[in-house]
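A.B. asks: Reading the sequence shown from the start, the letters are residues 1 to 432 in our numbering.
Dropping a structure here in structure tokens format, bear with me for questions.
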Amino acid sequence: MSDWMLPNGLRVVFRPLPGRRTACLGVTMHVGSRHERAGEEGAAHLVEHLAFRDTARYSATQITDMRERLGGGFEAGTEKEFTSYTATVPAHAAWRALDLLASQVREPLFREDDVARERRIVLQELSEAEEDFEDRTGVLAEELLFGGALGREIAGSRRSVRALDHSAIRRFHRRTYSPKRAVVFAVGDVDRRRLGREVERLFGDWNGRAAPAAAPLTLPDRMRAKVLRRSSSSAQVVLAFPGMAGTASDRELQTQGVLSAMLGATEGSRLFHAIRDHAALAYNVESYTSVYTDVGLFAISFGVPGGGVRRALEIALREMRALCEHPTPGEFARAIESLEARMLLDAESPWLIGREEARSALLGRKVSSVEARLRSLRAITLDDVRALAHQLFTARCAVLAMVGEPRLPAPQRWLRERLRAGYFVPSSGQKP
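What follows is the structure, given as structure tokens:
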């Protein structure tokens, strides 16, 4: 285990895994769609796409050829606060992969014809996303809860993407991609000294501006609801609440994970049994969380026939309140065991190790050992889960997002009526 920083502010994370025949290397940028200014919506995602076109040292054909020769394990992804470029390759090819990653991150050419091609591809992505009710409902829920850049679609809108030319993309890259916003990581059986030399050679002369600040966020102080009408016999529904932020302690985040596992994140959860197995209203039902630097989201999601929306929501609210008031030791123990197993499995994945270590380094957080995290998880009590449920499941900032044809007139008024009827957990100072 070894971490260090270059004089230009670039952080390096090395986690040796002796005996492995593969290595995972990557560059994680603390840059995402949240860091876009007005008129730049979609730029972060386009930059990531264009990293696989021509760079100063590799043509797009050479990039494709190397990816195929080394097993095809090169990936990239844009999120709201991070963009990642990773390569899982045979260990002997680690330095070739790192050389390519450095060129993709530092020196994409953003040729006008390449921008035009990728812009068309992103527009097609956006068209397909419009038909994905589950995706659209998740985006709508975050728009209602967060607003601004954090609440937007990561890829931008059709209008904003059409307006982005190669000059705008180049300006965004120059403004946001900086060694101070980057972590290079290597996980696997690679030589630490060689890694140090290669990182210095490839990144040592990289200069950049100070880190761009994300726009400040103020959560709404009232319930919100919105429906995107689409011709369909069904509806996708997300009911969301403010969740734990990235500033929370490991124990608080783990407690949120236990709560989600008990409510809807597993097939043995309350919502899965109540909405899918017993009421037979939905095939897919789940709870999930999103954790950002300063805010978070806790949500339940399901797709049902349009006429089943009201009943499914009432069942969900009833189960949420029951979990606050009468959680059982059996469901708690099952959730803990499930999370323990997942933690042990994740600890064997070089890609997940690198991802977590890089993001923690960018946020100034220390990643605890697996043993320490297991001890922390096992120390959580049923009272901890109950207290967090009371904290999260209040109506004050609840948002309801629906896509399709839900037969639920005036959904915001319906939420208020459910509050008065006692479906929500009461909280001090709560306003309908």
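Cβ coordinates follow ideal geometry from the N, Cα and C atoms, glycine included.
1. Three-state secondary structure (DSSP) at Ser167?
2. Helix or strand or just coil, what does DSSP make of Pro432?
3. Got a sec? Which residues, its chain only, sit under 6 Å from Phe74 by beta carbon, not counting five neighbours each side?
4. From the DSSP output, in three-state form, read off Ser249 for me.
5. Classify Ser369 as helix, strand or coil using the three-state DSSP reduction.
6. Closest by CA to Arg37, which one among Ala387, Ile154 and Val370?
7. Extract the residue ranges of the beta strand (DSSP E) inside the region 305 to 388, only unbroken runs of 3 or more that lie entirely within it.
8. Between which two residues does the beta strand (DSSP E) containing Met402 stretch?
9. Using 8 Å for Cβ pairs, my map puts Glu405 next to Ser233. What's the rounded Cβ distance?
10. Does the Cβ-Cβ distance between Val183 and Leu362 come in under 7 Å?
11. Would you kindly work out how many angstroms separate the C-alpha atoms of Ala379 and Trp414, rounded to a whole number?
12. Please tell me whether, using a cut-off of 6 Å, the distance from the CB of Thr289 to the nearest non-hydrogen atom of the ligand NAD is below it.
13. Could you tell me whether the Cβ atoms of Glu357 and Val105 are closer together than 7 Å?
14. Could you check if Ser428 is buried or exposed, using at least 16 other CB atoms within 10 Å of its CB as the buried criterion?
15. What residue from Leu259, Ala335 and Pro16 has the CA that sits closest to Asp191's CA?
16. Report the three-state DSSP secondary structure of Met221 (helix, strand or coil).
17. Buried or exposed: where does Asp114 fall if 16 or more other Cβ atoms within 10 Å of its Cβ makes it buried?
18. Would you mind reading off the limits of the alpha helix (DSSP H) that contains Trp414?
19. Between Leu520 and Gly308, how many whole angstroms is the CB-CB distance? I'm expecting something under 8 Å.
20. Using three-state DSSP, classify Gly188 as helix, strand or coil.
21. Can we say the region 155 to 175 touches the region 234 to 245, given the rule of at least three CB pairs closer than 8 Å?
C.D. replies: Reading from the atomic positions:
1. Under the three-state reduction of DSSP output, Ser167 falls in the helix class.
2. Because the pLDDT at Pro432 is just 36, under 50, the model does not fix this residue reliably, and the value given afterwards should be weighed accordingly. If DSSP states are grouped into helix, strand and coil, Pro432 belongs with coil.
3. Answer for Phe74: Arg67 and Ala87, listed in chain order.
4. If DSSP states are grouped into helix, strand and coil, Ser249 belongs with coil.
5. Ser369: coil per DSSP, three-state reduction.
6. Residue Ile154 is the option with its Cα nearest to Arg37.
7. Fully enclosed beta strand (DSSP E) runs of 3 or longer: not present.
8. Taken as a continuous stretch (DSSP letters only), the beta strand (DSSP E) holding Met402 covers Val399 to Gly404.
9. Glu405 to Ser233, Cβ: 7 Å. Contact.
10. Going by C-beta atoms, Val183 is nearer than 7 Å to Leu362.
11. The C-alpha of Ala379 lies about 39 Å from the C-alpha of Trp414.
12. Only the bare structure without any ligand can be found here, which leaves the ligand NAD out of the picture.
13. Between Glu357 and Val105, the C-beta spacing is not below 7 Å.
14. Because Ser428 sits at a pLDDT of 42, beneath the cut-off of 50, its placement in the model cannot be relied upon, and the point is left open.
15. When each option's Cα is compared against that of Asp191, the closest is Pro16.
16. Just to set this straight, residue 221 is Asp in the shown sequence, not Met. In the structure shown, Asp221 sits in coil (DSSP, three-state: anything other than H, G, I, E or B).
17. That one is buried.
18. Element bounds for Trp414: Pro411 to Arg420.
19. Any answer about residue 520 is impossible in this case: the structure gives the chain only from 1 up to 432.
20. Strand at Gly188.
21. In the pairwise beta carbon analysis, the region 155 to 175 is classified as not touching the region 234 to 245: fewer than three pairs are separated by under 8 Å.
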